[in-house]
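Once you know that position 514 of the sequence shown is 514 in the numbering used here, the rest is easy, because the numbers rise by one and skip nothing.
Every residue, glycine too, gets a C-beta built ideally from N, C-alpha and C.
Here is the structure we will look at.
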Amino acid sequence: MAAPDPRDPVDPRDLAEPREPEDRRDPAEPRDPEDPKDHLEAATQATRSIQGLVPELTARLPQLLEAMRSVGTGLELHSTLDRICETAAELADARYAALGVVSEGGEGLSDFVTYGVSDAVSQEIGHRPDGRKGLLGALIHDPASMRLADLTSDPRSCGFPPGHPPMRTFLGVPIKVQGEIFGNLYLTEKRGGAEFNDHDLHMVRVLATEAGIAIGNARLYEAARQRERWIDGSVAVTTALLSGGDAEDALVVVAEQARRLAESAAGIVLLPADDGELEVVAVSSPEPDVPLGVIVPAESLVVGSLLAGEAVFVSDASTDPRMVTTLASRFGPCMLLPLQSGGRVLGALVTPRARGARQFTEAERTLATQFASQAALALMMAEAQRDRERLAVYEDRDRIARDLHDLVIQRLFATGMMLESASRRSVASAVQEGVGKAVDELDVTIQEIRTAIFALQQGPAEAPSGLRTRVLREINMAAVPLGFKPSHRFLGPVDSVVGELTGKNLIAALREALSNAFRHADASRIEVVVDATLRLDGRGDEEGGAEREAADGVRLSVADDGVGIPEGGRRSGLRNLQRRAESLGGSSWCAPGIAEGGGGTTVIWQAPLQAQAAPAAPPAPSDVPSAEERPEL
Numbered sequence: 001m002a003a004p005d006p007r008d009p010v011d012p013r014d015l016a017e018p019r020e021p022e023d024r025r026d027p028a029e030p031r032d033p034e035d036p037k038d039h040l041e042a043a044t045q046a047t048r049s050i051q052g053l054v055p056e057l058t059a060r061l062p063q064l065l066e067a068m069r070s071v072g073t074g075l076e077l078h079s080t081l082d083r084i085c086e087t088a089a090e091l092a093d094a095r096y097a098a099l100g101v102v103s104e105g106g107e108g109l110s111d112f113v114t115y116g117v118s119d120a121v122s123q124e125i126g127h128r129p130d131g132r133k134g135l136l137g138a139l140i141h142d143p144a145s146m147r148l149a150d151l152t153s154d155p156r157s158c159g160f161p162p163g164h165p166p167m168r169t170f171l172g173v174p175i176k177v178q179g180e181i182f183g184n185l186y187l188t189e190k191r192g193g194a195e196f197n198d199h200d201l202h203m204v205r206v207l208a209t210e211a212g213i214a215i216g217n218a219r220l221y222e223a224a225r226q227r228e229r230w231i232d233g234s235v236a237v238t239t240a241l242l243s244g245g246d247a248e249d250a251l252v253v254v255a256e257q258a259r260r261l262a263e264s265a266a267g268i269v270l271l272p273a274d275d276g277e278l279e280v281v282a283v284s285s286p287e288p289d290v291p292l293g294v295i296v297p298a299e300s301l302v303v304g305s306l307l308a309g310e311a312v313f314v315s316d317a318s319t320d321p322r323m324v325t326t327l328a329s330r331f332g333p334c335m336l337l338p339l340q341s342g343g344r345v346l347g348a349l350v351t352p353r354a355r356g357a358r359q360f361t362e363a364e365r366t367l368a369t370q371f372a373s374q375a376a377l378a379l380m381m382a383e384a385q386r387d388r389e390r391l392a393v394y395e396d397r398d399r400i401a402r403d404l405h406d407l408v409i410q411r412l413f414a415t416g417m418m419l420e421s422a423s424r425r426s427v428a429s430a431v432q433e434g435v436g437k438a439v440d441e442l443d444v445t446i447q448e449i450r451t452a453i454f455a456l457q458q459g460p461a462e463a464p465s466g467l468r469t470r471v472l473r474e475i476n477m478a479a480v481p482l483g484f485k486p487s488h489r490f491l492g493p494v495d496s497v498v499g500e501l502t503g504k505n506l507i508a509a510l511r512e513a514l515s516n517a518f519r520h521a522d523a524s525r526i527e528v529v530v531d532a533t534l535r536l537d538g539r540g541d542e543e544g545g546a547e548r549e550a551a552d553g554v555r556l557s558v559a560d561d562g563v564g565i566p567e568g569g570r571r572s573g574l575r576n577l578q579r580r581a582e583s584l585g586g587s588s589w590c591a592p593g594i595a596e597g598g599g600g601t602t603v604i605w606q607a608p609l610q611a612q613a614a615p616a617a618p619p620a621p622s623d624v625p626s627a628e629e630r631p632e633l
């Protein structure tokens with residue numbers, strides 16, 4: 001078939017009545033948004049809408065083309081919506097324009113963009129319309145073009161809020177994106193006081209068709225950018241968790257990325273606590289309104305769902321009965337996502353928005369759920385990495401401990417035996433005395449090495465601490481105010497034989513004894529000994545304490561080389577130690593210290609290994625220590 005000659009005359013009927021191409025596709029068949037036939041159909045409908053308006057179109061065609069060009073520039077969604085409002089107002093010569101974006105459920109508006117209303121007026125009006133009533137709601141439920149000479153007289157109108165500018169003439173046109181209603185374009189107050197005419201309606205319809213294409217492109221671009229941001233956030237979280245840094249800092253990174261990506265008021269990470277509860281362990285928020293350590297009780301329906309691996313989406317946390325903490329009253333829309341990987345729930349991630357903020361879209365929910373799964377996987381990988389590193393450390397510690405025990409201690413023990421043998425063959429008392437002191441020093445050294453071996457065999461820092469670890473922690477804390485670190489020795493299986501109640505009281509006694517030495521003794525050397533091989537003989541302490549039943553016990557000795565206890569000095573701290581020991585069936589007293597000539601003080605505190613608490617009498621007023629005498633380490 002020959003192509004038409006461009007010089008042939010054009011029949012005006014071909015311009016006025018464009019023929020719609022026949023569409024042979026099944027109506028039930030899903031349409032491809034990029035199908036050129038759909039674009040041709042949209043163009044055909046737009047052309048048919050302006051039939052009979054050739055003179056008007058001729059006059060306003062440049063303005064329409066410029067408006068269509070302006071709407072199609074740019075890919076950022078909100079900027080595109082702003083341009084559509086501005087362009088539509090200019091095209092129809094309207095004072096005000098607005099574009100309401102229909103929510104996913106089709107029951108209201110999720111966004112409302114305006115043109116012509118100043119920021120001051122917007123602030124005075126306050127909240128934006130939700131589209132559930134009035135003319136805006138009518139256009140949502142019946143998306144058809146609407147033109148009114150006086151919108152205030154329409155029975156569907158529900159009036160304006162205080163501070164709203166007066167509006168009379170009205171023009172509303174739906175905007176479709178890929179065949180679905182995206183929202184509605186509203187124009188009011190045609191300049192000059194005239195009504196919107198048919199020419200305005202048809203021109204805005206054409207613009208709405210082009211706007212639908214522009215919005216579709218912007219939404220695709222926005223979705224791609226959104227996925228890219230969430231992927232980048234997942235990479236940042238994985239990098240932070242696997243970098244080998246502090247676990248708490250890594251959890252803060254998870255909270256920060258979740259808050260930024262979800263555009264929420266806060267990002268909160270919760271981990272399982274005792275008895276099926278969840279505890280807030282990391283928070284990212286511009287306002288310090290979410291304290292760490294908040295416990296969400298196991299009775300909460302939300303906790304049950306999260307620990308079962310189910311995500312929970314809340315429209316308004318301040319009113320939802322499932323939200324039982326006081327923190328919920330501060331927030332509105334909220335996503336609560338399980339940190340789940342491989343069927344194991346490690347915790348939960350919460351991203352709440354402020355009250356009155358927009359709801360989370362379906363795309364945001366999906367991306368956030370995927371982010372939480374990726375974060376959980378990274379947490380598991382980081383945990384496995386820490387376990388491997390910890391195992392390597394303990395393997396190295398075991399090797400060092402074996403070397404110390406098998407080589408160093410055995411050699412020191414053999415050296416001590418050689419010295420004792422030489423001492424017995426010597427007839428000089430001075431030599432025997434010197435050798436005896438050397439053997440005693442070797443015994444002390446052996447005990448210190450054994451203490452070091454026990455320290456090397458301690459569990460990880462996050463594991464429950466034994467008595468030995470708690471004693472070492474108190475000694476290390478006391479080293480700061482003292483200016484030196486006290487020496488220490490352990491005798492017997494301290495961790496395995498000392499009961500919990502006795503251990504707690506022993507730590508309190510150690511803390512008070514070290515505090516007294518710091519404040520009163522002016523010591524340069526302190527020795528701490530914990531002996532779990534003791535047999536309490538039941539004779540009471542050396543100050544005439546009541547006799548006790550013989551039992552296995554533990555003794556704490558804190559000796560210093562300080563100034564000692566002056567005659568007539570206050571002994572309230574020592575009486576507190578004695579009272580604490582007696583409440584457990586033990587005793588406490590003082591002995592000479594470790595300075596030359598017995599100078600200084602040795603505080604001795606002992607109690608049965610498995611003590612039972614006894615009711616203690618309240619201290620006399622004279623026994624209550626003053627502010628200067630209370631331990632303050």
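Just to check my reading of the structure: residue i and residue j have Cβ atoms closer than 8 angstroms, yes? What is that Cβ distance to the nearest angstrom?
i, j, result
"residue 352", "residue 317", "6 angstroms"
"residue 282", "residue 255", "5 angstroms"
"residue 608", "residue 536", "6 angstroms"
"residue 238", "residue 196", "No, residue 238 and residue 196 are not in contact; Cβ-Cβ is about 56 angstroms, not under 8 angstroms."
"residue 559", "residue 527", "5 angstroms"
"residue 173", "residue 219", "No, residue 173 and residue 219 are not in contact; Cβ-Cβ is about 19 angstroms, not under 8 angstroms."
"residue 114", "residue 98", "5 angstroms"
"residue 605", "residue 583", "About 12 angstroms separates the two Cβ atoms, so there is no contact after all."
"residue 474", "residue 507", "6 angstroms"
"residue 335", "residue 365", "6 angstroms"
"residue 339", "residue 345", "7 angstroms"
"residue 478", "residue 603", "Going by Cβ atoms, the distance from residue 478 to residue 603 rounds to 14 angstroms, so no, they are not a contact pair."
"residue 532", "residue 494", "5 angstroms"
Measuring alpha carbon to alpha carbon, tell me which of the options ends up nearest residue i.
i, options, result
"residue 107", "565, 418, 502, 136", "136"
"residue 529", "563, 280, 293, 447", "447"
"residue 342", "596, 376, 361", "376"
"residue 232", "368, 584, 472", "368"
"residue 151", "188, 141, 127, 163", "188"
"residue 600", "525, 469, 588, 586", "525"
"residue 212", "483, 85, 584, 109", "85"
"residue 265", "229, 331, 278", "331"
"residue 117", "167, 153, 132", "167"
"residue 492", "416, 371, 468", "468"
"residue 711", "594, 593, 553, 602", "Because the chain is modelled from 1 through 633, residue 711 falls outside the range shown and cannot be assessed."
"residue 308", "130, 348, 286, 496", "348"
"residue 78", "96, 88, 101", "101"
"residue 235", "428, 398, 161, 373", "373"
"residue 263", "510, 394, 360", "360"
"residue 381", "243, 477, 229, 581", "243"
"residue 259", "287, 512, 96, 271", "287"
"residue 505", "431, 443, 445, 581", "581"
"residue 443", "422, 411, 483", "411"
"residue 96", "268, 191, 483, 387", "191"
Look up residue i in the DSSP assignment and give the residues it is bridged to.
i, result
"residue 186", "98, 172"
"residue 602", "559, 591"
"residue 340", "345"
"residue 428", "The partner list for residue 428 (beta bridge, DSSP) is empty, contrary to what the question assumes."
"residue 552", "535"
"residue 331", "354"
"residue 484", "Residue 484 is not bridged to any residue."
"residue 401", "According to DSSP, which records beta bridges pairwise, residue 401 is partnered with nothing at all."
"residue 114", "98"
"residue 608", "553"
Contiguous beta strand (DSSP E) assignments of at least 3 residues, all confined to the segment 144-173: The qualifying runs are 146-148.
On the three-pair Cβ rule with 8 angstroms, is the segment 283-297 touching the segment 314-329? Segments in contact, yes.
Which parts of the segment 199-279 are runs of the alpha helix (DSSP H), unbroken and 4 residues or longer, counting only runs that do not cross its ends? Those alpha helix (DSSP H) runs which fall completely within the segment 199-279 and span 4+ residues are 247-262.
Across the segment 344-358 and the segment 212-227, are there enough close Cβ pairs to call them in contact, namely three or more that are closer than 8 angstroms? Because the criterion of three Cβ pairs below 8 angstroms is not met, the segment 344-358 and the segment 212-227 do not touch.
Cβ contact check for the segment 117-127 and the segment 143-159: 3 or more pairs under 8 angstroms: Contact fails: fewer than three Cβ-Cβ distances are below 8 angstroms.
Within the chosen definition, does the segment 515-523 reach the segment 418-438 through at least 3 CB pairs nearer than 8 angstroms? The segment 515-523 makes no contact with the segment 418-438: fewer than 3 CB pairs, one atom from each, lie closer than 8 angstroms.
Would you list, in sequence order, the uninterrupted beta strand (DSSP E) runs of no fewer than 3 residues that lie entirely inside the segment 488-533? Fully contained in the segment 488-533 is no beta strand (DSSP E) run of length 3 or more.
Pick out the complete alpha helix (DSSP H) segments inside the segment 71-111, 4 residues or longer, and give them in chain order. Listed in chain order, the complete alpha helix (DSSP H) runs (minimum 4 residues) inside the segment 71-111 are 77-92.
Taking one C-beta from the segment 89-99 and one from the segment 186-206 each time, how about it: are there three or more such pairs within less than 8 angstroms? The segment 186-206 and the segment 89-99 touch, with three or more beta-carbon pairs separated by less than 8 angstroms.
Is it a yes or a no for the segment 559-566 touching the segment 575-582, going by three-plus beta-carbon pairs under 8 angstroms? In short, these stretches do not touch, since the Cβ pair count stays below three.
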